[in-house]
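Residue numbers (my numbering), protein chains in the order written: chain A, 1415 to 1972; chain B, 74 to 393.
Virtual Cβ for every residue (Gly too), placed ideally from N, Cα, C.
I have placed the structure first, in the form of structure tokens, so that the comments after it can refer back to it.
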Amino acid sequence: MPRPLQDQTLPGWFSNPVRLAVGLVLALHLSSCREETRVERATREKILLLGNGAEPKALDPHLVSSVGDSNILRALFEGLVTYHPENDSLNEPGVAERWESNADFSEWRFYLRDDARWSNGDPVTAQDFVYSYQRILHPEMGSPYASMLYFLKNAEAFNRGDLKDFAEVGVKAEGERVLVCTLVGPAPFFPDVVKHTSWLPVHRGTIEKFGKMTDPYTPWQKPGNHVSNGAFMLTDWRINAHVKVRKNPHYWDAANVKPNGIDFLPLESPFTEEKAFRNGLIHLSYSMPESLIGEYKALPDSPLHIETYAGSYFYRCNVTKKPTDNADFRRALAYAIDREVIVKYVTLGGQTPATAFTPPSEGGYQPPKVISFDPAKAREYLRKAGYASGAEVPEFTILINTLESHRNIAMAIQDMWKKNLGIEKVKIENQEWKVFQQTTQDLNYDVSRAGWIGDYVDPNTFLGIWVTGDSNNYTGWSNPDYDRLMRESSHLSDPAARYAKLAEAETVLMDGMPILPLYWYTRVYLLHPDVRNWHPLLLDNHPYKHIDLIPSGEGGSL
Amino acid sequence: MSTPYSSSSGEKGSSLGRDAWLRLKKNRLALASLGFIVLVIVACFLVPLLPGIPDPNATHPDLQFLGAGSSARSMEGRDVFYLFGSDQLGRDIFSRVLYGGRVSLTVGFLATFVSLTIGVVYGAFSGYVGGRTDVVMMRVVDILYALPFIVIVIILSTYVSAMEDWKPVKFLNELFGSSLWLLFVCIGAVEWLTMSRIVRGQVLSLKRQEFIDAARSLGLSQTRILFRHLIPNTLGPVIVYTTLTVPAVMRLEAILSFLGLGVQPPDASWGSLIKEGADLMASDPGLLVYPAIIFGATLFSLNFLGDGLRDALDPKSSKD
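Okay, here's the thing in structure tokens:
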């Protein structure tokens, strides 16, 4: 039966919270007197509709690096260890039913379950994992996240092409059911690491049916060809329209997979997404326009959620280029930014002003408190950098990717530098996301906007990128002391001693100031009340199989 | 000695321009539009010079989204008054609309001037020389017509910004304080096509007329005939088309700014103000309404004025 996609009971815009409230109440609760919305039908059919940011680059775990893409992969594939629905630092058994390490956490054995199956019925074996790790680490693959596997012994040398024989890399299959990982040093958090998309397995037969092991973007990613081992399998992918995944009947835990499927919708603009949510087109939004946060907050039973998110928003400085090659100048820039004002009036999502780079974690690592807003100190550093006044500073540019909120933050900072340091000639340049990434990577910028979201719950995922030569450094900054401290920290297995060493490293980082930390993220999104078993997570890596959909309008209790 | 245009009868001579002005004066709408345009130009270029008009890029994040006509004290202890309200960073919308108008009007008029110069010279030459030259020149125009505009502008602006250190480029950057000049050179370089066709058509019909034969028999040089006799006679349609090009160019500027090729933040143009306002219209309609009203009214006025001028400059219209 044909059905309109959206049920429009109100005009597409509104001018006050009251009308917003009325619209939402209509959209969310009063379902009896109108035609069913897309969300209501999806809830009935147990299909989760997700706004997912930009169009996915690939559905291959060895090619992606963005948050949206890894959301889809998390539904399609399952790693050795998988995410817990309520807490990212807890580990759920995935393909491995149990795992153990030696005394100093440098060798790990994963015992694979017998009933793990690919979506075509083949068993998932330890060899599949070895094959996948060889594929992501292969120099010809050029995988953006290959460095995540540098935990494995000799993986770095193999990835750089210095070592040709993969047999020397620290991963072995012992029979079909046991996978042994030998690491470069102790890593008590290793099971956390292997939950990441870069450690997901791929099906060898399917990859090689469509090309060599290292051929990227072959037709194996197409619906019909795609084979995965997660709770869901790919059924449809239309560019700029949707990626649809449905229950995988061969999944070992298929009986406990609650949703029948998930539709991932690429909705890039937060404004479009908010309208889609209001009109009953999606259960969950990826982002939220800052300007509407206040109005949503004022609603009773608001669908707005604001949660701590392990991420850091900062500006990279190009230390190979004038004027940002001068550390005193970078310090001057850092101290002249009033971060309180930015989080309170510009980002509005309850973010925390950053005092260093790594976000603090409760009961875990605490970053040093280095940075604050201090115009007098900033002016002093400016003088030390050799500028009597801000007017003498040569012109430089803040590079941002095209998004309203990045531009607002950049304009606010531009004015702060003008007010507090007297720097007049700061330009703002925006580039489209893909071009922006390339420009930043090529060090073709002065100051560039950046965000870093943790890949696992450990400060190492943040501090690791500033080591000399890391594939995500992109500033040209390198400090032997920092590299040494980071190396030393990786040999410590006592958490307290390790955190102390990492904090020391972070102090060195903040002294060199190749980056200007701004704030620590929160995740701000809209969630439909039909969605159950959805818990706030620090890394936002929700295992979708636990999520349930129950109509909230018809007697469902909240 | 009398010129070929002065009337030999006793009636007092009246120039084309004077006739046109008399006719235009009777067209109230066109006259009001002219007045409005002058007013907008004066407001955008002179009012910001007055003391008390705030810096359009000064932020007061604590005073965001204030309504029209509100005054407040910022946390730095400065008193501010917002005639049109404030935007998401607490900047003054009134002042941004004025400064944005500077950019939009400058781009509008200068780009039109560039397209006018290229189009008139090219079209007149093509039409006057005629023959094979004409065919080749007009096919070039056809080819350029077929190319997608946005792509050309992107290529042009990429090339020019790559030559940042070249002296003339540096000079222009310093003259305009930014690469804004690139915008109207790009737009002008693409917008001249229609102009050249119009002028060519005019010249084709004019060059067969007696006064050109007369000029030729007097032994005037080709250049002199082209620039002193032909081009001045095409002026009517050219002026009309110019007033219609200005609004088209202002719209193009808005499109390019939207794509990130035009004005860069924090500077504003009417186009970029409307774009930003459209995103925030749900929470703060003033951000959209004020620039949109002024932009719309200016475009209307330019179109009405163009219409009025067309009627006024049409020699066939009755002379009562």
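So which residues on chain B does residue i lean against when the C-beta distance must stay under 8 Å?
i               : result
D1829 (chain A) : N130, A131, T132, L162, P339
A1826 (chain A) : T132, P134, L162
Y1665 (chain A) : Correct list: empty, because the minimum Cβ distance to chain B is about 42 Å.
K1915 (chain A) : The contacting residues do not exist; K1915 (chain A) stays about 38 Å from chain B at best.
V1938 (chain A) : Neighbours of V1938 (chain A) on chain B: none; closest Cβ ~15 Å, over 8 Å.
Let me know if residue i comes out buried or exposed under the rule of 16 or more other beta-carbons within 10 Å of its beta-carbon.
i               : result
Q137 (chain B)  : buried
D238 (chain B)  : exposed
R1793 (chain A) : buried
V209 (chain B)  : exposed
Y232 (chain B)  : exposed
R1531 (chain A) : buried
G1508 (chain A) : buried
K1711 (chain A) : exposed
N1654 (chain A) : exposed
F1572 (chain A) : buried
G381 (chain B)  : buried
E1920 (chain A) : buried
G174 (chain B)  : buried
G1426 (chain A) : For G1426 (chain A), the pLDDT reaches just 38, beneath the cut-off of 50, and the residue's location in the model is therefore unreliable, although a value from the coordinates is still provided. G1426 (chain A) is exposed by the Cβ-count criterion.
D1529 (chain A) : exposed
E1582 (chain A) : exposed
If I measure Cβ to Cβ from residue i and keep anything under 8 Å in the same chain, skipping five residues before and after, which residues do I get?
i               : result
R151 (chain B)  : H133
V1481 (chain A) : G1467, I1867, D1954
A1456 (chain A) : L1462, L1463, D1677, H1697, L1963
G1865 (chain A) : G1725, S1726, Y1727, F1728, Y1935
Y1749 (chain A) : I1785, S1786, F1787, D1788, P1789, K1791, A1792, Y1795
P320 (chain B)  : G181, T371, L372, L375, N376
D1650 (chain A) : P1637, H1656, V1657, K1658
For residue i, which residues from the same chain have a beta carbon less than 7 Å from its beta carbon, with the 5 sequence-adjacent residues on both sides left out?
i               : result
I394 (chain B)  : This structure cannot settle anything about residue 394 (chain B), because the visible part of chain B is limited to 74 through 393.
G1969 (chain A) : Here the model assigns G1969 (chain A) a pLDDT of 39, short of 50, so the residue's position is not dependable and the matter cannot be decided.
D1954 (chain A) : Y1723, R1937
S1446 (chain A) : Because the pLDDT of S1446 (chain A) is 49, which lies under 50, any placement of that residue in the model is unreliable, and the question is left without a value.
F1519 (chain A) : P1600, A1601, P1602, F1604, S1907
G1535 (chain A) : H1664
G163 (chain B)  : T132, H133, P134, D135, L136, Q137
S230 (chain B)  : L255, C259, L334
Could you tell me which chain A residues have their CB closer than 8 Å to the CB of residue i, listed as they occur along the chain?
i              : result
D352 (chain B) : F1685, P1703, S1705, E1818
Tell me which same chain residues have a C-beta within less than 6 Å of the C-beta of residue i, skipping the five on either side of it?
i               : result
W254 (chain B)  : L245
S1960 (chain A) : Correcting the residue identity first, residue 1960 (chain A) is His in this sequence and not Ser. Hits under 6 Å: P1499, N1947.
Y1665 (chain A) : A1645
V272 (chain B)  : V193, G196, A197, T307
L1698 (chain A) : L1464, L1941
L1762 (chain A) : E1704, I1707
S1515 (chain A) : W1522
D1872 (chain A) : F1603
Quick one: list the residues of chain B neighbouring residue i, beta-carbon separation under 7 Å, in chain order.
i               : result
R1821 (chain A) : P338
Y1974 (chain A) : One cannot answer for residue 1974 (chain A) here, as it falls past the ends of chain A, which runs 1415 to 1972.
K1841 (chain A) : Q337
V1608 (chain A) : Simply none; closest approach about 40 Å.
Under 9 Å Cβ-Cβ, which residues of chain B neighbour residue i?
i               : result
E1709 (chain A) : A355, S356
To the nearest whole angstrom, what separates the beta carbons of residue i and residue j, a pair I think is in contact under 8 Å?
i               : j               : result
G1606 (chain A) : N1501 (chain A) : With the sequence shown as reference, residue 1606 (chain A) is identified as Asp, and Gly is not the correct amino acid for it. The pair is not a contact, with the Cβ atoms about 11 Å apart (cut-off 8 Å).
H1617 (chain A) : D1542 (chain A) : 7 Å
C1399 (chain A) : I1929 (chain A) : The structure shown has nothing for residue 1399 (chain A), since chain A only spans 1415 to 1972.
Q1635 (chain A) : A1472 (chain A) : 6 Å
Unbroken stretches of the alpha helix (DSSP H), 4 residues or longer, contained in the stretch 1636-1688 of chain A: none
Just by C-beta distance, which residues in the stretch 353-383 of chain B are closer than 8 Å to chain C? In summary, chain C is missing from the structure at hand, where the protein chains are A and B.
Could you tell me which uninterrupted alpha helix (DSSP H) segments, each at least 4 residues in length, are contained entirely in the stretch 201-259 of chain B, listed from first to last along the chain? 204-219, 222-235, 240-249
To test your reading of the DSSP string, which unbroken beta strand (DSSP E) runs of 3 or more residues are found completely within the stretch 134-162 of chain B? 143-146, 152-155
In chain order, what are the residue ranges of uninterrupted alpha helix (DSSP H) at least 4 long that sit wholly in the stretch 1732-1789 of chain A? 1741-1749
In chain order, each alpha helix (DSSP H) run of at least 4 residues that lies wholly inside the stretch 1856-1918 of chain A: 1874-1877, 1894-1903
Any chance you could list the alpha helix (DSSP H) runs of at least 4 consecutive residues sitting entirely within the stretch 1533-1577 of chain A, in chain order? 1540-1551, 1569-1574
Ranges of the alpha helix (DSSP H) found wholly within the stretch 290-320 of chain B, counting only runs of at least 4: none
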